[in-house]
Amino acid sequence: MAFLGLPLSDVLKSTPEQEVKPLTKKGRRMYAGAQTTRLNSNWIAGNSSADAEIKGSLKQLRQRSRQVCRDNPYGRQAIRSIVSNVVGPVGFKIQSQIQLVRGKRLDQKLNDIVETRFKRWGRADSCDVAGRLSWVEMQKLIVNSLVVDGEVFIRIIRKPFGRSSIPFSLQVMEADLLDTDYTGKSSNGNIYRMGIEVDPDFNRPLNYCFLNKHPGDTLFPTRTGEKRHVIIPADEIIHLFQQERPSQSRGVPAMASCLKALHDLNGFQEASVIRARAASSLMGFITSPEGELDAGGEVYEEERVTQFEPGVFKYLDQGQQISVPDFDSPNGEFPEFMAAMLRSCAAGVGVSYESVSRDFSKTNYSSSRLSLLEDRSQYRSIQNYLIDNFHTRVFEAWLEMAVLSGNLNLPNYESDPDRYRRVRFVPRGWEWVDPQKEIAANKEAVKAGFKTVAMVVAEQGGDLEELLPARADEVEKFNQLGLIFDTDLSSGVTTSAKQTIIDENQNETNGKET
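First residue of the sequence shown: -11, per this note's numbering; consecutive thereafter.
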């Protein structure tokens, strides 16, 4: 037996046993996804940092995302669905959670004052420096920008505006205003990463470098001698974006992974419409030995004018032939292809196919419920992110300025501010898919202790603190007017017993009057 042209005995003699290594093919110990073969040789993946990848693509991604959401009906519907489900018609409801000094009960009187002042501040002329957006409308704009642009900046302005005497307001700033090209070292040795000055040791934002003018706002004049940049401290900026990598400094549009698919889908739709129009323009051609009977009006300046009109019969010259392609439109592949592409786009954005296409023709209760639960889980995630990073921070800053300006009198706020900062924001809820089934399931869950009544009410976007007093007032009015409804379950009495109590109260009242 020979090995590499040498006798095997000579090889074993010349090579120590511990140095003999088995011959393996290159890449045998690699993951299949990491191997390069002739079938995936064009699969090129970089090893750049998050900011390096974002910097070269951010402007183009943002511009294309806006164009898709502006011109493509499916892209626009996806954004509309997210904004509507995350914010809702009335936004996030505030619940102040200030407790009494003794005991764990809530200080209802003080909580009502704080909530009333905050809602009053939420008027458009007070909370927005431009005086255009109310607190609810501002939340909608923030969510819209967060999804379309991938990020949004809110600047805290400590000045009173409009009817508010609290020196606090907000300015929503578009992502383009943060100079992406402002990169390098600052004078104090820190690093600017796409317009954000960060601590080189911890990557913590210190300052933001904003442009004084939108880079695309070239049609309108600016102030003479105005500086190009303005540096704003990080404690005045709320930067919202979905962070997907630990070292990421800027946000990416939610449609980044499906922009190409939406663009191709738009082109496919356009080509299909043109093909259908051409196929529907049925024409007839007539040949005769004499050729064209009426050439007048068909030739101008020795150039033949070709017209393609539906329902028209044209004559051909002698010897001419025509070949009409078979357009085969519409065909059966169009709906399936559209549905497949829209499912891909919906998955990229993070919503269901039904939410984007508005096609509910193939859904039933089970599939609709599963789809809605998946969507609502995504919406809840966005809602929780906003509460933690936007609403709570705004409330704490507003509360501080309201106390310092004398608009709120909170005893011992300086020594115990955390007692007054306790707040709960209730996001919007959703209606049940099948109320009869889900109400019965919630009743059983409350009886078994798996849920509380507050949890059930919150799932529908309600507030138990508002529901209970309203319910008590309603029952009291029923009793005063002698009205009985099936929903009157106060004190656990039956309908007949309740009627007896009302009759006795009425008789007692009549006797006193007599």
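Where a beta carbon is used, it is the ideal one built from N, C-alpha and C, also for glycine.
Asked	Found
Pick from A249, D95, C333, S69: whose alpha carbon is nearest that of P399?	D95
By the 10 Å Cβ neighbour count, where 16 or more other Cβ atoms means buried, how is P415 classified, buried or exposed?	buried
How many Å lie between K43 and G138 at the Cα?	13 Å
Return the Cβ separation of D363 and V339 in integer angstroms, given the expectation that the two are a contact with Cβ distance under 8 Å.	6 Å
Could you round the C-beta distance between M389 and P155 to whole angstroms and report it? I think they count as a contact, below 8 Å.	5 Å
Would you kindly work out how many angstroms separate the C-alpha atoms of T25 and I370, rounded to a whole number?	41 Å
Provide the residue span of the alpha helix (DSSP H) that contains E453, from first to last.	452 to 469
Just mark Q127 as buried or exposed, buried being the case when its beta carbon has 16 or more other beta carbons within 10 Å.	buried
Between G172 and I179, what straight-line distance do the alpha-carbon atoms span, to the nearest angstrom?	6 Å
Got a sec? Which residues, its chain only, sit under 8 Å from N200 by beta carbon, not counting five neighbours each side?	T210, E214, K215, R216, H217, V218
Select from Y62, L228, S45, L166 the residue whose C-alpha is nearest the C-alpha of Q257.	Y62
So, under 8 Å CB-CB, V136 and Y367 are touching, yes? Tell me the CB distance rounded to an integer number of Å.	V136 to Y367, Cβ: 16 Å. No contact.
Could you check where the beta strand (DSSP E) with Q159 kicks off and where it finishes?	157 to 161
Exposed or buried, which one is G239 when buried takes at least 16 other CB atoms within 10 Å?	buried
In the DSSP output, which residue or residues are listed as bridge partners for I145?	S157
Which residues in the same chain have their Cβ closer than 8 Å to the Cβ of T380, if we skip the five residues on either side of it in sequence?	V411, F413
In chain order, what are the residue ranges of uninterrupted alpha helix (DSSP H) at least 4 long that sit wholly in the stretch 349 to 417?	353 to 374, 380 to 392, 405 to 409
Buried or exposed: which applies to D252, given that a residue is buried once 16 or more other Cβ atoms fall within 10 Å of its Cβ?	exposed
Leaving out five residues before and five after W386 in sequence, what residues of the same chain have Cβ atoms less than 8 Å from its Cβ?	F106, W109, I154, F156
Between Q230 and the rest of its own chain, which residues show a CB-CB distance below 7 Å, the 5 nearest in sequence each way excluded?	G239
Do the CB positions of L207 and G183 come within less than 8 Å of each other?	no
State the start and end residues of the unbroken beta strand (DSSP E) segment that holds N195.	193 to 199
Only counting the same chain, and skipping five residues up and downstream in sequence, which positions put a Cβ closer than 6 Å to that of K147?	P155
Around the C-beta of E464, are 16 or more other C-beta atoms found within 10 angstroms, so that it is buried, or is it exposed?	exposed
For V71, which residues from the same chain have a beta carbon less than 7 Å from its beta carbon, with the 5 sequence-adjacent residues on both sides left out?	K128, V131, N132
Quick one: what does DSSP say D116 is sitting in, helix, strand or coil?	strand
What is the DSSP secondary structure of S245, reduced to helix, strand or coil?	coil
Just the C-alpha distance for V444 and K350, rounded to the nearest angstrom, thanks.	30 Å
Cα separation between Q23 and P405?	58 Å
Tell me whether V89 is buried or exposed, calling it buried when 16 or more other Cβ atoms sit within 10 Å of its Cβ.	exposed
Quick check on the DSSP output: the beta strand (DSSP E) that includes Y62 runs from which residue to which?	From DSSP, Y62 is part of no beta strand (DSSP E) but of the alpha helix (DSSP H) over 61 to 74.
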